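Q: Quick note: the sequence shown uses the working numbering, first residue 24, plus one each step.
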Amino acid sequence: LLTAFGDLVFAQEEICPNGDCPAAPAANTNYAKIYQDIWDADQALNGVPGILPSDPRDEKRGYVVVDEPRGNFREGSNPDKNIITKVVIPDSKRATYDLVKKLFDNYTLDQSKPETPQ
Numbered sequence: 024l025l026t027a028f029g030d031l032v033f034a035q036e037e038i039c040p041n042g043d044c045p046a047a048p049a050a051n052t053n054y055a056k057i058y059q060d061i062w063d064a065d066q067a068l069n070g071v072p073g074i075l076p077s078d079p080r081d082e083k084r085g086y087v088v089v090d091e092p093r094g095n096f097r098e099g100s101n102p103d104k105n106i107i108t109k110v111v112i113p114d115s116k117r118a119t120y121d122l123v124k125k126l127f128d129n130y131t132l133d134q135s136k137p138e139t140p141q
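1. Alpha carbon to alpha carbon, how far is residue 66 from residue 137?
2. Please state the DSSP three-state secondary structure of residue 57.
3. Under a three-way DSSP split, which group does residue 52 fall into?
4. Is the segment 56-72 in contact with the segment 108-118, if contact means three or more CB pairs nearer than 8 angstroms?
5. Which complete alpha helix (DSSP H) runs does the segment 102-136 hold, if anything under 4 residues is left out?
This is the structure in structure tokens:
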């Protein structure tokens with residue numbers, strides 16, 4: 024059977040008797056909206072915004088300074104350039120970031136590198 028959660032649909036581990044499954048609600052295929060909703064929820068809680076070096080800084084909210092490379096990053100730019108030049112995470116949001124740091128101690132988002140689960 025399929026279960027609706029908001030606009031999303033999830034499969035359940037049940038078998039339809041005699042292959043007689045009810046029609047599922049239409050799945051949401053507006054992925055841009057899904058990602059925007061996740062971003063908005065994160066920013067409303069423990070997220071910190073990315074800002075440019077020239078933007079105003081709010082120490083209470085926190086921020087990540089992103090120094091974008093000039094020109095084409097692949098051609099002529101310094102591949103060793105640090106794009107993230109400063110990260111400020113206020114104490115009120117620190118616990119969330121400490122948990123993520125522990126998670127990525129053993130796992131990687133880079134799929135070309137092996138994970139090191141303990």
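Positions of the beta carbon are idealized from the N, C-alpha and C atoms, including for glycine.
What you are looking at is a predicted structure, and each value in this text was computed from that prediction instead of being measured.
A: This is what the structure holds:
1. One-based indexing of the sequence shown puts residue 66 at position 43. One-based indexing of the sequence shown puts residue 137 at position 114. Their Cα atoms are separated by approximately 30 angstroms.
2. The sequence position of residue 57 within the sequence shown is 34, counting from 1. In this structure, residue 57 counts as helix in the three-state DSSP scheme.
3. Along the sequence shown, one-based indexing puts residue 52 at 29. Coil.
4. yes
5. 114-129
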